[in-house]
Structure formats: C-alpha cells, structure tokens
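S.K.: Before we start, here is the structure in question, set down as structure tokens.
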C-alpha cells in the first residue's frame, strides 16, 4: 500500500495456508473453500477471467475487504534474473536455517544459511525466500527481508530514477495489469517514497491451526485480530507513529 501523503510504503503478507473463499470455475461470483494460495492455480486451470492473478485478487478482496488496484506477478526465473541484474543483495540473516530434505538450499554450503551478513545472488535469494522448514510464518519474515534488501540495493545504485528504462529492459519478467503508459507516473511516485524503510505486516499473528474436512492442515483466522492488523496496515503512518489514545470518562 502506497501512502502518497506520508511518502511511506506498507507491505502486508497473507499466509499461504489461510482457509478462504476462492474463485471456482470460469465464472465470477462462484466460490469454493481452499487454501488462499490455491486461488492462483484454480484461476489458471479453470480459465477464470484474467487468469490466476485475477482470481488471487478476487480472493483477497472477498476475504479481507481490501481493494486491490493493481497486481504484479513474477516467477522464479524472473526473480533470479532481476536480483542478478542488480548485482545481488545484502541480508543480515537473523538466525540459522537449514533444509536437508529438499534442494531449496543447495546453493548454500551444507544446505544451511548461517546467521549474520550475507551477499546473495539471485539463486541464493530465491532459496532463502522459499525455505520453510521452520514454517510459513517465518518464511514470510525472510521474504520481507529480501524485498527490503532489493529496495536498498536499488536505492544505492540510483535505480529508482531509472524506472522507465529498467521497465523496458525487464518487463518480460513480469505479468501485470499496469499499463506501460503508467510507468513514468509510478517512477515519479517512487522518488517520493522512503523505500529504505518499508513497513511490513503479516496476518500470521491472527491465525491459528486447524484441519479441513478433507484433512488438509490449514490456518483459520481470529477475525477481530485479523481486522486489527489490517486497520493498522491502512492507518495513516504519521498518526500511527504518534500513537494517539482516546480516553472516555
């Protein structure tokens, strides 16, 4: 979410196992219950109008009452290409993470990312973003670290001022409903943002474990906690920083 007045950028993560209503079939307004990350594959498979991205947008809007203005989709190949294009990223890894059961961390010695500073190329950043041996909620934290690291590196290289040229060079790596004619406007907007301090939020603290009727391990939400997080996410950043209190007598 972009707050143009405050020059702030907020990022909200939705856990992949969140049990939700998602579009079903190729007609809008028809819903089925599943994990929210299934919305994309359902949309692709059933040829939902606009495909998987549109189905994901519809699921977010229905389940969380959030209006989504635009979407951007990037696959693993594009992810690696873009991070390699900026010369890799620097991340201060907060704690060790290993994965001996898959090939996700094969690009790291002993399939382990140790705590401390790391310079990661695209393949390593992808592995660090994907690993979830300690759960999806911790993976969300790692993904947000990667996004902030990409922003920091882009700032250091002066890439924010070159958004139109970069878009022309790398738009093949994205799928989006943002028209090319809108890119110069977004470039001007990016210059006004404090990209070095992206505020990150997650719906994870509002979730608790459950089992679906068909035996899937899922996350159910405490609606009061969920909307408290969403309200804080959308609150005016300056007001949030002041933390005002209303007292009734």
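Numbering (the working numbering), first residue to last: 3 to 251.
From the three backbone atoms N, C-alpha and C, an ideal C-beta is built for every residue, glycine too.
Can you tell which of 12, 21, 28 and 75 has its C-alpha closest to the C-alpha of residue 218?
M.R.: As a working mapping, residue 218 is identified with position 216 in the chain shown. Answer by Cα proximity: 21.
S.K.: Taking its Cβ as the centre, do 16 or more other Cβ atoms sit within 10 Å of residue 65, making it buried, or is it exposed?
M.R.: Working through the chain shown from its first residue, we reach residue 65 at position 63. By the 10 Å Cβ count, residue 65 comes out buried.
S.K.: For the stretch 149-224, list the alpha helix (DSSP H) runs that are entirely contained and at least 4 residues long, ordered along the chain.
M.R.: As far as the stretch 149-224 is concerned, its whole alpha helix (DSSP H) runs of at least 4 residues are 165-172 and 185-193.
S.K.: What residues in its chain sit with their C-beta under 8 Å from that of residue 8, if we drop five residues either side in the sequence?
M.R.: Translated into positions along the chain shown, residue 8 becomes position 6. Contacts found: 238, 239 and 240.
S.K.: Can you list, in chain order, the residues of its chain whose CB lies under 6 Å from that of residue 41, leaving out five sequence neighbours each side?
M.R.: Against the chain shown, residue 41 aligns to sequence position 39. These residues qualify, in order along the chain: 24, 57, 58 and 61.
S.K.: May I ask which residues mark the beginning and end of the beta strand (DSSP E) holding residue 23?
M.R.: The sequence position of residue 23 within the chain shown is 21, counting from 1. It spans 21-25 - the beta strand (DSSP E) in which residue 23 sits, taken as one unbroken run.
S.K.: Give me the Cα-Cα distance between residue 155 and residue 148, rounded to the nearest whole angstrom.
M.R.: As a working mapping, residue 155 is identified with position 153 in the chain shown. As a working mapping, residue 148 is identified with position 146 in the chain shown. One C-alpha to the other measures close to 11 Å.
S.K.: Quick one: what's got a C-beta closer than 8 Å to residue 69's C-beta in the same chain, skipping five residues either side?
M.R.: In the chain shown, counting from the first residue as 1, residue 69 sits at position 67. Within the same chain, residue 69 has close Cβ partners 63.
S.K.: Pop quiz: residue 206 and residue 17 are said to be a contact at Cβ under 8 Å. What is the actual Cβ separation, rounded to whole angstroms?
M.R.: Residue numbering aside, residue 206 sits at position 204 when the chain shown is read from its first letter. Residue numbering aside, residue 17 sits at position 15 when the chain shown is read from its first letter. Right, their Cβ atoms sit about 5 Å apart.
S.K.: Could you please give the first and the last residue of the uninterrupted beta strand (DSSP E) stretch that includes residue 118?
M.R.: Position 116 of the chain shown holds residue 118. Counting along the chain, the beta strand (DSSP E) containing residue 118 begins and ends at 118-122.
S.K.: Over the uninterrupted alpha helix (DSSP H) stretch that includes residue 84, give me the two end residues.
M.R.: On the chain shown, residue 84 is found 82 positions in, with the first residue counted as 1. It spans 78-87 - the alpha helix (DSSP H) in which residue 84 sits, taken as one unbroken run.
S.K.: Using three-state DSSP, classify residue 37 as helix, strand or coil.
M.R.: Residue 37 sits at position 35 when you count from the first residue of the chain shown. Residue state, collapsed to three classes: strand.
S.K.: Output needed for residue 106: all residues of its chain with C-beta closer than 7 Å, excluding positions within five of it in sequence on either side, in chain order.
M.R.: Looking up residue 106 in the chain shown gives position 104. Correct list, in chain order: 129, 132 and 133.
S.K.: Compare the C-alpha of residue 215 against each of 35, 11 and 112 and name the closest.
M.R.: Residue mapping note: residue 215 aligns to position 213 of the chain shown, counting from 1. Here the closest residue by C-alpha is 35.
S.K.: Over what stretch of residues does the alpha helix (DSSP H) that includes residue 6 continue unbroken?
M.R.: The residue given as residue 6 occupies position 4 in the chain shown. No alpha helix (DSSP H) holds residue 6; DSSP gives it neither H nor E.
S.K.: Quick check on the burial criterion: 16 or more other C-beta atoms within 10 angstroms. Buried or exposed for residue 110?
M.R.: Residue 110 sits at position 108 when you count from the first residue of the chain shown. The residue in question, residue 110, is buried, as its Cβ has 16 or more Cβ neighbours within 10 Å.
S.K.: Near residue 146, which residues of its chain fall below 7 Å by C-beta distance, leaving aside the five closest residues on each side in sequence?
M.R.: In the chain shown, the residue the question calls residue 146 occupies position 144. Only 13, 15 and 202 meet the Cβ criterion.
S.K.: Do the stretch 222-239 and the stretch 42-56 make contact, defined as three or more Cβ pairs closer than 8 Å?
M.R.: These segments do not touch.
S.K.: Give the secondary structure of residue 62 by DSSP, where H, G and I count as helix, E and B as strand, and everything else as coil.
M.R.: Numbered from its first residue, the chain shown carries residue 62 at position 60. The answer is helix: DSSP assigns residue 62 an H, G or I state.
S.K.: Between the C-alpha atoms of residue 152 and residue 117, what's the straight-line distance to the nearest angstrom?
M.R.: Looking up residue 152 in the chain shown gives position 150. Looking up residue 117 in the chain shown gives position 115. About 19 Å.
S.K.: Given residue 177, which residues of its chain have a CB within under 6 Å of its CB, disregarding the five upstream and five downstream residues?
M.R.: Stepping through the chain shown from its first residue, residue 177 is reached at position 175. Excluding sequence neighbours, residue 177 sits near 75.
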